[in-house]
Every structure is written in C-alpha cells, then in structure tokens.
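Protein chains in written order, with my numbering: chain A, 1 to 212; chain B, 1001 to 1330. Okay, structure first, notes after.
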Amino acid sequence: MSDRNTEAKWDSNRARHWMAAAARAMTENEQRLTELDSAIGDADHGGNMRRGFQAVTSALDTAQDEGQLTGPGSVLTLAGRTLISKVGGASGPLYGTLLRRVGKTLGDEAEVDPAVLSEGLRAGVEGVVKLGGAAVGDKTMVDALQPAVDALESGFAAASQAALHGAEGTVPLRARKGRASYLGERSVGHQDPGATSAALLLGALAEVAGDE
Amino acid sequence: MKQLINVPETVVADALRGMAAAHPDLTVDVENRVITRADAPVAGKVALVSGGGSGHEPLHGGFVGLGMLDAACPGEVFTSPVPDQMTRAAAAVDSGAGVLFVVKNYTGDVLNFDMAAELAEDEGVQIARVLVEDDVAVTDSTFTAGRRGTGGTLFVEKIAGAAAQEGAPLDRVAAVARQVSESCRSFGVALSPCTTPAKGSPTFELPAGELELGVGIHGEPGRERRGMMTSGEIADATVEALLADRMPTAPVLALVNGMGATPLLELYGFNAEVQRALSERGVVVARTLVGNYVTSLDMAGCSLTLCQADEETLKLWDAPVRTPGLRWGI
C-alpha cells in the first residue's frame, strides 16, 4: 500500500474534498465523456456530469455555510440527493443512488474509518445494480464500479486502478443496457462513457485518500 | 455548425421564456422547468403529465392544453427531466382525481419518473403510469433497454387526454392510454444526423449518399444503412417494417412525422407514397397527420407511426384539442 493516509479517518471535510475532486475531474474530462457518448449514446454525458458535480459542490458550500454538514454521511447524502435533483438522464438517479447509499451507510458519525467508507461503497454499488438492473459485462458503469469495490480490500488506489481497468475493458463489449444497447454489435470497439465517469469518481476518491 | 442560440447552457431556458411569451394559455415556470395549463388544476379532471429531454419540440410542452396534457417537464437537450420537476408538475395540476404519467421508454426517463411517482404518492397524489414503447426498429428487445418511445407518444397524449377531458376516472384514462400505446408502431429514417447545442457538431456520422433505416429520435442507430432511396422506396421499406411487426385488423391513424429539418413539401410527398404503400397492402387509413411533431433537433428524415383505432379511439382522436402544437375542433 502506497497511500500515505490510507488509514486516516474520513470526516465531512475529506468527503467534501472527494466531491470537489470529482467535480474537477468531470469538468476536465467533459469533452472526452461527450465524445465517448456520441459514439454510442446521445452525446450528453460530459455536460451532465460536469453540471451535476458542480451543483453538488455548490450545494455542499451552501450547506457548509449553514452548518449542516456534521459528518461525511451528511455530505455524501446531500451530494446524492443533488445529483438526483439536478442531472436527469440515467446517470442522475444512478450516481445519486450510489452516493446516497454511501452516505446512509456512514450515518451520523462525525468521522469514520476507511473501512466504513468501503462498506458504504459496496452498498452504493449494490444500489446501482438494483436500480439499473445491469450486471458486469453489460457495458455500463457497473463494469467499472464492481471491480472497484471488489478491490477495496487493497485500498482506494487499488479500487481506482480496478475501475480504470474495468472501464477500458468495456471497449470490446456489446452493450446490453441503456441507449448504447440499441447499437448491438456496433457498440463494440467503444469505451463506455458511464464506466469512464465512474472511474473518474473513483480516481477522485483515491486522489483525496492518498494526497491529504 | 451554425445554430440560432445564445449559448448552449441557456437553450432550454431561452425556449421556455419564448413559449411563455407566445402562449398565454400556458403557465411556464422557467426556473423549475414546468409547463402547465394556465387553468390547472381543472376541477374533477384526471391530469396528464409527461416530459422528456428537450429537442423533440413540439413534444411535450407544445402539447399542453385543453384535451391533451396538463403539464410537461422539459429536461436538458436529449436528457430526461428530474424527479423534482415531475413532482412539482403533478402537485400543480392534480385536482384530486389523480395524475397519469406518460413516459417514453428510455432508461433515464423511466428511472426519473419512477422516483417521482414514489415521491408524489408520498405527498398524497394518486399516480398511474403508461410507458410508450412503439419503435419497431428495436428488434432485439431482450438484449437492449427495450423498444424506444417515439411518435406513438403523440397518439397516447391526445387520445388519453381526450378521455380525461371527458371526465373519465384515472383507471379508465390509464387503460385508454395503455391500449393506445399497445396499438402504436413507429419506424424512423434519418437522411442526416442532428447536432446538439452542447456538442456543436453532428452526434453521429452519416455519409453523403446514405440513409439510416430505423433511426431513433436521438440519433440512435437503427437497423441498417443503405444507399440513398427515393421517397417511394423509403415509404415501402417503412410500411413493410411496421406491418411485419403488426398487421392492423382495423383502420389506422397515421402520423407522417418530420424529424426537424425535412421540408413539409417533402413530407407531403412522402405521405402520398405512404398512403399508396398502405393501400397496396390492404391497410385502411382513417385519419392522417402530417408535420413536425416528434422531432430530433435538426435531423433530416421522417418517421411513420400507425395506431390501430376502434370507433371509441377515433372519437377521442377527433375530440377538440387546443395546444400550441395541435389544435382542432375548438
């Protein structure tokens, strides 16, 4: 394990840093996500993710000023609720459910161990699978999220690597869920935009876990 | 690509402000993105609420008014609206008689409307839902997100809207909507791709001299690409695709729909070929609507929707309607 602060606890500030890093990553990769989505979807994923995570950071700023963020659970629950309220498409409810489930698992504690956050991520991904009905191999965000949670035992950096690897692994797959599924064989050869943004979210987590 | 916009970020809000200015019969909440009948809630009447990504105008906001929708929730371009919009719309138009959500079958629309239905029911609004899934170009339904909702949406909204206007209760309005939805089949053809404001360049590539048979209303790919065909050949291919899926056993309503960038001159010419192709195959057309109703931004092309109609359905189709996009009998 190379993460310097892997064992450090997660409080509301650290959870906010994760969301801020995610917002930066989505903004920096907006064009790329949109390009990927125009190959096999409807070219709105980059804009939606940027818009959604910017809304998350501004909702968190407001809540912080009002003293409502008492722990990492309240941060991630609010982030999830904001994504559901602001994004639309399939990615809003799916990412929103993911973060809300994480937040609910963390509960009202002022700070939690990384192991509790890992547990929350597992619950979050379960929520995504239940809501979207996708399994590994369907060429969706689950192809990045599931390997990531499977690798959590080895730390957040490993989970992020697994998500990246999973996203790249969607290239040869044929989509069976979402809008890309209409392409059938023609979806083969393109990386899934949802799996790509999921890897960005995990990358932001690893960044904050390792660099603080 | 040149577009008549200010900046991509305000395209939907700008259009809503323009709708508000043009249509005093509507109440347009630009900030919360909800369009309602100005006279909503209508006492004792079941309310119809629909919504979806923007870029398909006049669907859905242009179909708000007497005899059709009570409210519409426009999302970002090609992106489903969010649950907040739908619950807000439902609360604004519910007279106590309940609300029918008309949902096109796309993953995002279904997820968001399902979440909204739960929230609205928590607030005491009775909700029913009808799913429109009429696009026969999607053949491999078990390995995809299922058939897409396209032109059939107009028939569901008009006919169920008429039933609600006549005072039918929620379960009846929902039953009419489901029957219409099940009776509709659509097939679309793209001659050129569309350009979303956010991307600023075409969302898919269609080489000059080729068309896409079975295209979706967001430019989703269809069944196959072929070299350019004549209007008559396209009509034959389209009618064959529809009838192979379902051979009508009664007269049909026909919607000859433009995708956004195809002139009415061409659409009417296409309609002549459609009527010929249907007649040659023994299908009787009871009513025909020609125009741009379920569009795909600036895509060139057309779609054909056939809706098998019994006497009751025909009567509801002919009932008065007064909306920005569809208006007759009043």
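Cβ coordinates follow ideal geometry from the N, Cα and C atoms, glycine included. Quick caveat, the model's predicted, so the values are computed rather than measured.
For aspartate 113 of chain A, there are no C-beta contacts with chain B under 7 Å, since the nearest C-beta of that chain is about 31 Å from it. Nearest C-alpha to leucine 200 of chain A among A:Arg122, A:Val128, A:Ala79 and A:Asn29: A:Asn29. Going by DSSP, arginine 1287 of chain B is part of the beta strand (DSSP E) stretching over 1285-1291.
At least one C-beta of chain A is nearer than 8 Å to the C-beta of glycine 1219 of chain B. For the segment 1061-1142 of chain B, the full-length beta strand (DSSP E) segments reaching 3 residues or more read 1071-1077, 1099-1104 and 1127-1132 along the chain.
Note that the C-beta distance between aspartate 1025 of chain B and glycine 1067 of chain B is not below 8 Å. Sequence-distant partners of histidine 1023 of chain B (beyond 5 residues in either direction) whose C-beta falls short of 6 Å from its own C-beta, in its chain, are Pro1324. When beta bridges are read from the DSSP output, threonine 1150 of chain B appears opposite no residue. Judged by DSSP secondary structure, serine 1186 of chain B falls within the beta strand (DSSP E) whose first and last residues are 1184-1192.
In the three-state scheme derived from DSSP, where H, G and I count as helix and E and B as strand, isoleucine 40 of chain A is classed as helix.
Where asparagine 1257 of chain B is concerned, the enclosing beta strand (DSSP E) starts and stops at 1252-1258.
Your pair arginine 24 of chain A and glycine 46 of chain A does not check out as a contact, with CB atoms roughly 14 Å apart and the cut at 8 Å. Here the C-alpha atom of alanine 1043 of chain B lies approximately 14 Å from the C-alpha atom of alanine 1091 of chain B. With respect to chain B, the C-beta atom of glycine 178 of chain A has a partner C-beta closer than 8 Å. When secondary structure is reduced to three states using DSSP, alanine 1047 of chain B falls in the strand class. Scanning chain A for C-beta atoms nearer than 8 Å to the C-beta of methionine 1115 of chain B yields Ile84 and Pro93, reported in chain order. By the criterion of a C-beta distance shorter than 7 Å, aspartate 42 of chain A is surrounded in its chain by Arg179, once the five residues flanking it on both sides are discounted. Against chain A, a Cβ distance below 8 Å from valine 1077 of chain B picks out Asp44. In the DSSP assignment, the residues bridged to aspartate 11 of chain A are A:Glu111. Close to chain A, meaning a Cβ-Cβ distance shorter than 9 Å, are the following residues of the segment 1084-1104 of chain B: Asp1084 and Gln1085. Per DSSP, aspartate 1310 of chain B lies in no alpha helix (DSSP H) and is assigned neither H nor E. Sequence-distant Cβ neighbours of glutamine 54 of chain A in its own chain, meaning closer than 6 Å and more than five residues away, are Ala23. Annotated as proximal: leucine 1255 of chain B and glycine 1151 of chain B, with beta-carbon spacing under 8 Å.
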